[in-house]
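Beneath this line is the structure, given in structure tokens, with notes to follow.
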Amino acid sequence: MQIINTVCDLREVIKAWKAAGETVAFVPTMGNLHAGHLQLVTRAKESADRVVVSIFVNPTQFGVGEDFGAYPRTELEDQEKLLTEGADLLFLPSVADIYEPDVNTIITVADLSESYCGAFRPGHFSGVATVVCKLFNIVQPDVALFGLKDFQQLTIIKIMVRDLNIPIEIIGVDTVREPSGLAMSSRNGYLTEDEKRDASALYYILGVARDAILAGNQSLADIEKKAMLSLQQVGFQPDYFAVCRASDLKKATIEDVDLVLLVAAKLGKTRLIDNITFSK
Ligand code: PAF
Numbered sequence: 057m058q059i060i061n062t063v064c065d066l067r068e069v070i071k072a073w074k075a076a077g078e079t080v081a082f083v084p085t086m087g088n089l090h091a092g093h094l095q096l097v098t099r100a101k102e103s104a105d106r107v108v109v110s111i112f113v114n115p116t117q118f119g120v121g122e123d124f125g126a127y128p129r130t131e132l133e134d135q136e137k138l139l140t141e142g143a144d145l146l147f148l149p150s151v152a153d154i155y156e157p158d159v160n161t162i163i164t165v166a167d168l169s170e171s172y173c174g175a176f177r178p179g180h181f182s183g184v185a186t187v188v189c190k191l192f193n194i195v196q197p198d199v200a201l202f203g204l205k206d207f208q209q210l211t212i213i214k215i216m217v218r219d220l221n222i223p224i225e226i227i228g229v230d231t232v233r234e235p236s237g238l239a240m241s242s243r244n245g246y247l248t249e250d251e252k253r254d255a256s257a258l259y260y261i262l263g264v265a266r267d268a269i270l271a272g273n274q275s276l277a278d279i280e281k282k283a284m285l286s287l288q289q290v291g292f293q294p295d296y297f298a299v300c301r302a303s304d305l306k307k308a309t310i311e312d313v314d315l316v317l318l319v320a321a322k323l324g325k326t327r328l329i330d331n332i333t334f335s336k
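Numbering follows the numbering used here, with no gaps: position 88 of the sequence shown is 144.
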């Protein structure tokens, strides 16, 4: 596995691969890799001849008072995992490689960036869209893979790619879960053992809400309210619990068939997100 730090060197390698007729799959990450990321790499290998993984803890997607400084950085362990998984190239840029000191251009996917997680993390999705767009321009992959766990992020990236005519296929990959149901996340490392046990209730409560919708005898608003209450009873401080249309994350109506339930809630100091998709 090649490890490359600069945009210039990366472009040389990609150019040579493309000249040889090889296709490229790209997995952008912020490191601290877990089984969910490795699943993205596995799927990437099935999707193209070459797999590029980036590790870049992107400062512009962290708000004031968020965990940018404390975000787990485990570069050596990550390199070992990617080597074992069979990635071809690890791109490890510095902040100065990615951002000009006087950067002026920011990408914002309007509306959706301000709702759900965007309402609680102002500027977060502009930071994500901007860095993903920049990484796409640097790597110029044929396909890029993202976890379905970050469902709102994935939807925003799909809209950006469509709106800006970016010629990259976006593939969403299923969430990998602990045996308890807790979705794998780099931020799970912040949880105490007790919190980790309680955190599994997030997925359970999503399942209860899904079953209530499928049973069809309660309003969607009531189901959201009950889920918020259940989260509080377990000790979460929920930010939101929303029944949405899977296609565009607009609030679902009773007529909608393909749905996603989105949730974000704090347990102690750790903010967790999860979702569940299903069809009626
Ligand atoms: O999901 C993440 O790890 C990040 O938001 C991403 C897509 C790598 C952009 O920094």
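All C-beta atoms, glycine included, are put in the ideal place defined by N, C-alpha and C.
Separation of the CB atoms of D314 and A302 is rounded to 4 Å, and the pair is thereby assigned contact status at 8 Å. Non-local C-beta neighbours of T248 in its own chain, meaning closer than 8 Å and more than five positions away in sequence, comprise G324, ordered along the chain. Shortest gap from the CB of Q208 to any heavy atom of the ligand PAF: 7 Å or more. If you compare the alpha carbons of T326, D295, T309 and V316 with that of Y172, the shortest gap goes to D295. Counting along the chain, no beta strand (DSSP E) covers S242, and no H or E run does either. C-alpha of T164 to C-alpha of E122: approximately 20 Å in a straight line. With a threshold of 7 Å, the Cβ atom of N88 does not count as near the ligand PAF, since no heavy atom of the ligand is closer than that. The DSSP assignment places 276-290 as complete runs of the alpha helix (DSSP H) inside the segment 273-309, in order along the chain (cut-off: 4 residues). Using a Cβ-Cβ distance cut-off of 8 Å, the segment 135-150 and the segment 83-101 are in contact, since at least three pairs of beta carbons, one from each stretch, lie closer than that value. For the pair C64 and D304, the Cα-to-Cα distance works out to about 36 Å. If you draw a straight line from the Cα of T161 to the Cα of A185, it comes to about 11 Å. Of the residues Y259, N193 and L276, the one whose Cα lies closest to the Cα of V290 is Y259. Membership of I332 in the beta strand (DSSP E) is indicated by the continuous run T326 to S335. CA-CA distance, W73 to F181, rounds to 32 Å.
Between the alpha carbons of K252 and A239 lies a gap of roughly 11 Å.
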